[in-house]
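Note sheet for the following structure.
In our numbering, the protein residues as written are 5 to 211.
Structural data, given as structure tokens:
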């Protein structure tokens, strides 16, 4: 996905999900309004840090961060729930340290060199990270490091592929691909609302 395509996706007029309550899939539905937040451009120091940290795999990432120093997609308007956060460069070190604390693996257990990679994104409140290995046979790919189930294959072959996948099928992304951590709030009850269908403009949607 190109930068322009992502920016167009983020400009959806009134994005949101039709949701069902956790534990009651046959019950009532709720329309959850969400926002897509694109951060301002990264500083020259941040871009330099990307190039130094990612080395030969920095080009796509640096090009994007020159326009946006991270983003938050599918952010609930009634709670702090969100779907995907591409971290600002200044968050990379802390996120990478946290990821490495979770995964104490030997090189034999980590053939894709995930643990020595860099955490660049997360599913908020999950403790899971999207990691780019910077060495080994899978360097430059992006893996979803899930501490509940590890991973089976690369999430995306490169950064551009990552951008495409986190916007292509929002419901499948949040409920299957990353583990259904994102639950939305109606602002009045304790119900946890799970995405069922995504709309770029929920103002025109009937329950």
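By construction, the Cβ of each residue, glycine as well, lies at the ideal position given by its N, Cα and C atoms.
Answer with buried or exposed for residue i, where buried requires no fewer than 16 other C-beta atoms within 10 angstroms of its C-beta.
i	result
residue 186	buried
residue 174	buried
residue 100	buried
residue 126	buried
residue 97	exposed
residue 66	buried
So who's on the other strand from residue i, going by DSSP bridges?
i	result
residue 126	89 and 133
residue 199	23
residue 75	42 and 90
residue 205	18
residue 34	23
Would you mind working out which of the options sits nearest residue i, comparing C-alpha positions?
i	options	result
residue 71	97, 24, 44 and 61	44
residue 90	73, 84 and 20	73
residue 75	112, 116, 11 and 106	11
residue 37	194, 136 and 77	77
Expressed to the nearest angstrom, what Euclidean distance is found between the alpha-carbon atoms of residue i and residue j?
i	j	result
residue 114	residue 102	17 Å
residue 87	residue 164	18 Å
residue 202	residue 21	4 Å
residue 30	residue 128	27 Å
residue 132	residue 207	32 Å
residue 25	residue 49	45 Å
residue 55	residue 27	46 Å
residue 57	residue 139	11 Å
Any heavy atom of the ligand COA closer than 7 Å to the CB of residue i?
i	result
residue 178	You won't find the ligand COA in this model; it holds no ligand whatsoever.
Any beta carbon of chain B sitting closer than 8 Å to that of residue i?
i	result
residue 27	The structure shown contains no chain B; it is built from a single protein chain.
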